[in-house]
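Accompanying notes for the structure given below.
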Amino acid sequence: MARKFISGNDAVAEGVRLARPHVISAYPITPQTIVVERLSDFCEDGSLKAIYMHVESEHSALAAAMGVSSVGARAFTATSSQGLLYMAENLPYASGARMPIVMMNANRALATPWNIYGDQMDSMFLLNAGWIQVYVEDAQEALDMMIQSYKIAEDPRVMTPFMVNLDGFVLTHTYEVVDVPEQELVDAYLPPLKLAENMMSLEAPKSLCITAGNNFNMEFKIKQNEEMNASTAIIAEVDASFAEVFGRKYHGLLEAIACDDAEVILITTGSVAGTSRMIIEEYRNKGHKVGLIKLRYLRPFPTEALAKVLKDAKAVGVVDKNISFGYEGTIFTNVNSAILQSGLTPKVHNFICGLGGRDVTKENIREMFDALLSSAAGDSCEKIHYMNVRCAL
Amino acid sequence: MARKFISGNDAVAEGVRLARPHVISAYPITPQTIVVERLSDFCEDGSLKAIYMHVESEHSALAAAMGVSSVGARAFTATSSQGLLYMAENLPYASGARMPIVMMNANRALATPWNIYGDQMDSMFLLNAGWIQVYVEDAQEALDMMIQSYKIAEDPRVMTPFMVNLDGFVLTHTYEVVDVPEQELVDAYLPPLKLAENMMSLEAPKSLCITAGNNFNMEFKIKQNEEMNASTAIIAEVDASFAEVFGRKYHGLLEAIACDDAEVILITTGSVAGTSRMIIEEYRNKGHKVGLIKLRYLRPFPTEALAKVLKDAKAVGVVDKNISFGYEGTIFTNVNSAILQSGLTPKVHNFICGLGGRDVTKENIREMFDALLSSAAGDSCEKIHYMNVRCAL
Amino acid sequence: MNKPKMKSFTEPKTVTDYPLGATCPSDHITSINAGWRTYRPVIDQEKCVLCMRCFLVCPDGVIDKSSDRLEIDYDFCKGCGVCAYECKPKAIKMVKEAEFNG
Amino acid sequence: MNKPKMKSFTEPKTVTDYPLGATCPSDHITSINAGWRTYRPVIDQEKCVLCMRCFLVCPDGVIDKSSDRLEIDYDFCKGCGVCAYECKPKAIKMVKEAEFNG
Amino acid sequence: MIEVRWHGRGGQGSFTVARLLGLAASVYGGKYAQAFPSFGPERRGAPVLGFTRIDDVKIGDRSELDGCDYVVVLDETLWGNDVLSGLKDDSIVIINTKDETKYKSETSHCIIAIDATQLALDYLGIPITNTAMLGALVGASKIVDPAHCIDAIRASMAPKIAQKNVDLFNHVYGEVNSCE
Amino acid sequence: MIEVRWHGRGGQGSFTVARLLGLAASVYGGKYAQAFPSFGPERRGAPVLGFTRIDDVKIGDRSELDGCDYVVVLDETLWGNDVLSGLKDDSIVIINTKDETKYKSETSHCIIAIDATQLALDYLGIPITNTAMLGALVGASKIVDPAHCIDAIRASMAPKIAQKNVDLFNHVYGEVNSCE
Amino acid sequence: MMPKITAKNLTNDELFYGHKACGGCGESLAVRLAMKILGERTFASLPAGCMSAVSFIYPNMAFKTNAIITPFASTGAVAAGVAAGLKALGIENTYSVGFAGDGGTADIGLQALSGAIDRGDQIIYFCNDNEAYMNTGIQKSGLTPYGTRTTTSPAGENLPGSVTTKKNMFEIVAAHDIAYAATASVGYLEDYMMKVEKAKSVKGTSYIHILAPCPTGWGTPSEITISLAKEAVDCGLWYLAEYENGEFKLNKDPKAFTPVADYVKKQGRFKHLTETDIEHLETQRDKKWLKMRRDWNK
Amino acid sequence: MMPKITAKNLTNDELFYGHKACGGCGESLAVRLAMKILGERTFASLPAGCMSAVSFIYPNMAFKTNAIITPFASTGAVAAGVAAGLKALGIENTYSVGFAGDGGTADIGLQALSGAIDRGDQIIYFCNDNEAYMNTGIQKSGLTPYGTRTTTSPAGENLPGSVTTKKNMFEIVAAHDIAYAATASVGYLEDYMMKVEKAKSVKGTSYIHILAPCPTGWGTPSEITISLAKEAVDCGLWYLAEYENGEFKLNKDPKAFTPVADYVKKQGRFKHLTETDIEHLETQRDKKWLKMRRDWNK
Ligand SMILES: Cc1ncc(C[n+]2csc(CCOP(=O)(O)OP(=O)(O)O)c2C)c(N)n1
Ligand SMILES: Cc1ncc(C[n+]2csc(CCOP(=O)(O)OP(=O)(O)O)c2C)c(N)n1
Ligand code: SF4
Ligand code: SF4
Ligand code: SF4
Ligand code: SF4
Ligand code: SF4
Ligand code: SF4
Ligand SMILES: [Mg+2]
Ligand SMILES: [Mg+2]
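Going down the list, the sequences are from chains A, B, C, D, E, F, G and H.
For the first sequence, my numbering begins at 1 and goes up steadily by one.
For the second sequence, my numbering begins at 1 and goes up steadily by one.
For the third sequence, my numbering begins at 1 and goes up steadily by one.
For the fourth sequence, my numbering begins at 1 and goes up steadily by one.
For the fifth sequence, my numbering begins at 1 and goes up steadily by one.
For the sixth sequence, my numbering begins at 1 and goes up steadily by one.
For the seventh sequence, my numbering begins at 1 and goes up steadily by one.
For the eighth sequence, my numbering begins at 1 and goes up steadily by one.
So, in structure tokens, the structure goes:
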């Protein structure tokens, strides 16, 4: 194991190198670029024996990865924002075909206005794509998830493409200490991809990405949904086996922090979870019964896990670095549905923040907890809070 | 006024002709094609004075429409399914720029598997795009909404692109009686587009689709969200003024049918609303307190209107012609969030049907009402029901 | 014979039994192109000089040359008439299908 | 002068006051490219033969030829040195910016 | 509500006639109607279906036909299970054939037979049988006024071709009997 | 937690040094660190910032610095409000200049001045001042062990260049005083 | 020299069988013959279009070899990915092949094709050119000739059908300095098969552009597909050529052309063309041949 | 003949001012001069890339005329839409112009450009070629020359930098039989300005491909931008040509080339090249010129 002081993007590249994909096809876009730059270095210096394809667009980046995956080779791609949307057509394409492609997405705002900084509008846009979506909190988790992601995606019970999301700049461009595991350990943990029913081979020629008319189509989709929902178990399983081998665990679908007796709970994803950890300590020290959820997976959505943690909360806040225009934050909508179905009736609040790279300050997190506490105490307050706005509405 | 026996696609084309766009840019895809075929006929025969651009892809179809709209001309495009996803990048682009483009989308399943029939996975994919989304029930509504859509989209308070969705085949290819209004009436109702602040002109040169860094970006997005939410009022206003001129009204954001004393309510969109109307009558005749909502707009989402109608319901069912893999039907998720925030606690059920063009039968609708009635009566039953599946799970 | 073996298709009994992904084995024809034809190509073996042009030009590949006389796979022949049109010695006749139905 | 008039920018007071769409008037420079330079181009008007090459080649267009001698808009000159490098009579010198700061 | 199913092959105009019937019933007959095709990835030559629904009130139903009152078969080679599926007891089958005996022996439903191909060749010079079969359906069922059918034909075709089709329609309409 | 802000221009290596400090503190010093840049659409020549955070425990905080303990200015032409913003009372400002008088007159904060450009020219032959400024920061603050800085420099550069930078670092480190 | 492939020595094995294309479909013949020459170790990538629509209808699969439908825009990229995947896995002696329509090549798939050529990916790309978007019902594509009536380029009082000319795909591909490119026609099948055979041993990307009449879209009787495709070449509206080692070559340079009018009048899509329109087509043809003869006959 | 535009008679008005490009940026000079010649009634469409990134930073807008940033892939389509909108509104005597980078033209924007040319849209399209994706930090594009070190085509023990050659964009565009196309260089500015002036009166689509050095990405001192761009032409690695009325023309046909080594050694991106690599570049160059001279000098 080597300790390195590297950025989130570097950590992704290190993780990918350890996972030994056969082909990398990607197109540059800020703030993802460093990942593919490092990977092209690794391909050049031979430390990664992979073919690097300089594709001419993101649509082709994922299309090429599909070609790679269709013959049973391991594929990696990475993108962000406009690039993710430019390849949008191919995401449900790959998931319907159940191709275990791994993609790193550097979360970034969507034009227009143009903006290269981090928010999560891009990946929230793709929630319906049939891809597993995980959001990581730091560079270490980013590296580790490159390994876990292939392990989960290629599990015969899952066979589903996997998107690993890093908050743009705040994670992708921040350097921190990362432990890089030994190649041998990873090799033992993540054996080469085994040829599956949905892959082409000379021995048993296959037709892929076929047509299923109105007579058969619905059953294909139901199967996909049922198996994706069932992947929650494999996600937990892999996180546990990973912990055994590498000594780090991430608590599967979500991590609950100080939630046991919490009266108010804040739900966060990605880097905001990190900042919130500090504040939760501060508030607990002051005697407030506050809890924090780090929601790691948005698909499959952890309905049950969430219900369990939230069951005694009086007020629940959801942090969204995105808006579904004409409604509310997307995570808020998703969480609310799970809450309603669980029969819980906490007060719910949506904290919209960090759009276009706007700083999410420690003070903002305090404001959120304060709002939740006063809501739990019975005060009525706004459902939707925009945080850190530079002027009045 | 002329009565015609035409298809939903024909009706769209007639409506577009009446709305007099300056430029049509579109790319063929089943089941949208007939719309653009008719429009190219109209451009040829001179009954529509518009430029028809044979673009080389959907991404360019919407990009060209953005160019058209950016100088203050009226733009129309149409697409479906793969085409809608291929232009995905440009949807938030146009909405961020607040361009009042109108698009017809023929709802169709997404590959893979390939399938040309109707479900709503395509437009549900784009809910976060910042476009107004309406779903119509029949050819007449399709025609009428082409006129209303420009009226709403171009309202200075709204200035937002508009997507009109028709269920593929079931609406696009079904012929029925449609009243085609007089051009003069439409001209009076829908005057030419007025140059707005976000359009280029020689008199006041503009820079469009600019960059707003982390210092200013968030405010742009909040403005967009607030004004999109506020467009609910204009939608209702336009529906009312339309009714005055043309004698037909659609009840704005949603239509509530027999909901006043309903104990169970089924929420539908598009063509399923039509079939359900028959069944609701049948069940009411049998004395069941059943109600029906035809949800017309998904963005802006009619949170308040919905809460008002649902307030006394004991069980609510949501019909989804889509799945967000790894979770549930997308409309279900959206409706549930609104219900939770309204403080209501009905039992909620999701009926997933019609995927890949699977028939939604009258019997299916009866099964839905039966499930809701038994749920309201206290029986526990599944949250998610797949309807009309040809084999066991 | 150049015709692939027909596969029997048993519909999956459960959703779980459906293929993984949008997949199907290749070389998997489960039903014939029944009744697409209005006319049926009939080879006059006497006239045929075995030039193999019809074999070459048939878009559906239904003319088999593995034996010493050509055979047409009528399960998949669409009756397009290309073979007859292209046969120089006019050894193929397009005959109204109905006459065979009777 | 070829330099556009600087616009004063008052930040919108409310979200509603923000532009409609991702829009801004063109010809809208609100702040100078302050302090990008390490070196400053200085024209020796004696040596200058008014060939206008520097005017032509300046990527930033900061050399103005509207009067009878060239003027450089130092608010936007980036000190790239292209003008000096391309001036045949060597009429432009690149002078360390610090010397002007003092 | 009256529901009609049309069986033909891609290229034979079976959906066009489904549409003509709906047009006749609605725009000219003052009723409500729906007409829609079946679609598949198969090409010209493959079997296709057309559907017409007619009712006195607006038709909200968007589901497929689950039964039908009339089945019209433009091409007798399509005879088989598909044609006979979903019939009610009193449904009527109208088929384009020279010889009805085979079909009568295979079903108990009322069969109306007409040699539409020959008549189409006589009247139009080409074997496009859809207006002939419309004549047979309307003659046997009286579900719409024949004058409205003629209006529909005239509105949908160039005048010269329309006239020939009207003549053909009239001929068949006059000749066909309703089910005994 | 110690927070350091670096001011420079695109191309001057101000983020590289932010990173070197983090590397020294963490991988070599056994503490935890974060280093991150500010980014903007402006190009080479435009002002940029770098940040370093150092702590004894894992740093979860992902928000921007809201105050900082040390400000290091690689290019004195950047002097101004941006440099002085967000300082605590006891924050220290380290600036690359020949002449500190101007700066001392404009702030009450402790100013450490060093002619890093001249020293860089002497040691490296080019005016890249970032390792010199690292030496100044560490010399004045002792926030990390200088040996760890040297390790970090050696790990990040080709040996020949590294040695020169180490010499430069050592020179400055030895010369700088802490704030009185 | 390669042994000539003829009807007689062509394998009897069919690798593309039972598809649901229209009777007399030119494209399906082009695919069928290519597959016979490429053989069982072929991996075929087909974008949306008639050929994929008629060949992968669950549970009926017409390809005997490995095959995949690609997104409409992605033939070049998926085929390149397949080639890269096979290479990385060490699976040798295979062909990664794309079969796209004219729309899927010259319009929405152009970029992915260009990218593959630029990278020199080891693929053989076929453009099956029936001069319109047929799968969606005969809309104008970038390869639809001037004067063609399609459903989006109607012919009427104001327009003569398509007003743009056919994109020069072959020249565009050649301008990439591709390893091998050729035009072909289902009217000249031995020439076509020779070109497919040639492509098999090319190092880098190959491109074969084959004119393949579509009875449905062209408004022609199904039996004349082959002879019409031959006539397209004989009347000079299409041409047989190759680009190899950086040089163009005309494979067939007719002394005299058969009349364009004869070719055109057989087809419903051109029925509306006037004498003047036809003369216009001839002028265009002559201009093109003048240049081809001057520049390509070295 | 058009009056020649020179430094002296060129307008003093600046329509592109205050942008945040690097000092000495070749692209920004190309845009600046084009705008001066095109004038105030220009509508500029710029995709993602350095030029848009540095010119539309709210609230600082560097264009004086109407201007719009387009999606990266959409320069051709947005500019065509602007042209169509203006035409439909009857707003005359305007220019709809696209300014895209090499990546935005030859890679992700190729298809939209091709579509516009195919339709004959009334736009002028500029490809500002700095031979890499600069805005994202110097990645290899389809127009990056052989042997270039970029962040995605590293030079090291196993690779000499980019292993593919520069896509022949000019020829690809010409193969579309575009109304007017030209190459240019910021090292030959009068030639460039003449070409821009020419494009103004073309009916249909024009394309101008200008080589524009990027000090940051090329690893060169900012002051040599112009002379380096001149040297690129003088050493024969770039060329000045036009395509008009269906014919190519070489505008400059040097008797002798200056040494490629001199050009290359000035640049950080080529620092690693060996003698053999440079010879390889020269061989490639000679092959290209042989063909250009043979085929274009009619
Ligand atoms: C992104 C996208 N846009 C549009 C379509 C619809 N579509 C499918 S096939 C097709 C036409 C294919 O035309 P061509 O490539 O010429 O092949 P052909 O059908 O003529 O063989 C179209 C427009 C699609 N599948 N995907
Ligand atoms: C769809 C999409 N993919 C990627 C990007 C990221 N991106 C923005 S500019 C750029 C590079 C531009 O390169 P080029 O076109 O050569 O212009 P230059 O910056 O060199 O002037 C890239 C990759 C984007 N904005 N959109
Ligand atoms: S083309 Fe005619 S002669 Fe030749 S093999 Fe076929 S049937 Fe025989
Ligand atoms: S009729 Fe057509 S399908 Fe049948 S054998 Fe002849 S060519 Fe083949
Ligand atoms: S280039 Fe030199 S001589 Fe010419 S105008 Fe400029 S300063 Fe004067
Ligand atoms: S130094 Fe550069 S920016 Fe300044 S005037 Fe000279 S050329 Fe223009
Ligand atoms: S429509 Fe044309 S291309 Fe498509 S299958 Fe039929 S004949 Fe072939
Ligand atoms: S990076 Fe290059 S192209 Fe971009 S602004 Fe700087 S010099 Fe110009
Ligand atoms: Mg085609
Ligand atoms: Mg570039």
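Cβ coordinates follow ideal geometry from the N, Cα and C atoms, glycine included.
Values in this document were obtained by computation on a predicted structure and should not be read as measured data.
Rounded to whole angstroms, the separation of the alpha carbons of Cys259 of chain B and Ala305 of chain B is 12 Å. Here Asp167 of chain A is bridged, per DSSP, to A:Asn107. When 9 Å is used as the limit between beta carbons, Asp107 of chain H is near these residues of chain G: Gln111, Ser114, Gly115, Asp118, in chain order.
Taking 8 Å as the CB threshold, Gly49 of chain H stays off the interface with chain D. Under the 8 Å criterion on CB atoms, Ala46 of chain E is classed as interfacial with respect to chain G. Residues of chain G with a Cβ closer than 7 Å to the Cβ of Leu70 of chain C do not exist, since the nearest Cβ in that chain sits about 11 Å away. Interface residue (Cβ-Cβ distance to chain B less than 8 Å): Ala153 of chain A is not classified as such. Going by beta carbons, Gly18 of chain G and Gly79 of chain C fall outside the 8 Å limit.
A Cβ-Cβ distance of about 16 Å is found for the pair Thr172 of chain B and Ser63 of chain E, leaving them out of contact under the 8 Å criterion. Taking a cut-off of 7 Å from the heavy atoms of ligand 7, the residues with a C-beta inside it are E:Arg43, E:Arg44, G:Ala21, G:Cys22, G:Gly24, G:Cys25, G:Gly26, G:Glu27, G:Ser28, G:Cys50, G:Val54, G:Asn130, G:Met134, G:Asn135, G:Cys214, G:Pro215, G:Thr216, G:Gly217. Taking the Cα of Leu310 of chain B as reference, the smallest distance to any Cα among B:Gly15, B:Leu91, B:Lys294, B:Thr33 is reached at B:Lys294. Residue range 87–96 is occupied by the beta strand (DSSP E) that includes Val93 of chain F. Going down the chain, each residue whose beta-carbon is closer than 6 Å to a heavy atom of ligand 3 shows up: C:Ile43, C:Cys48, C:Val49, C:Leu50, C:Cys51, C:Met52, C:Arg53, C:Cys54, C:Leu70, C:Cys87, C:Pro89, C:Ala91, C:Ile92.
Within the stretch 159–222 of chain G, the complete beta strand (DSSP E) segments of 3 residues or longer fall at 180–185, 206–211, listed in chain order.
Note that the C-beta distance between Val102 of chain B and Ser149 of chain B is below 8 Å. Contact annotation: Val134 of chain B and Tyr283 of chain B have beta-carbon atoms that are not nearer than 8 Å. With a cutoff of 8 Å on beta-carbon distance, Thr52 of chain E and Asn96 of chain E are scored as not near each other.
Distances between the C-beta of Ser241 of chain B and the heavy atoms of ligand 10 are all 7 Å or more. The closest heavy atom of ligand 9 lies 7 Å or more from the beta carbon of Gly246 of chain G.
No Cβ-Cβ contact shorter than 8 Å links Lys308 of chain B with Asn350 of chain B. Taking a beta-carbon distance threshold of 8 Å, Phe220 of chain A counts as an interface residue toward chain C.
Contacts with chain F at 8 Å (Cβ-Cβ) do not include Lys140 of chain H.
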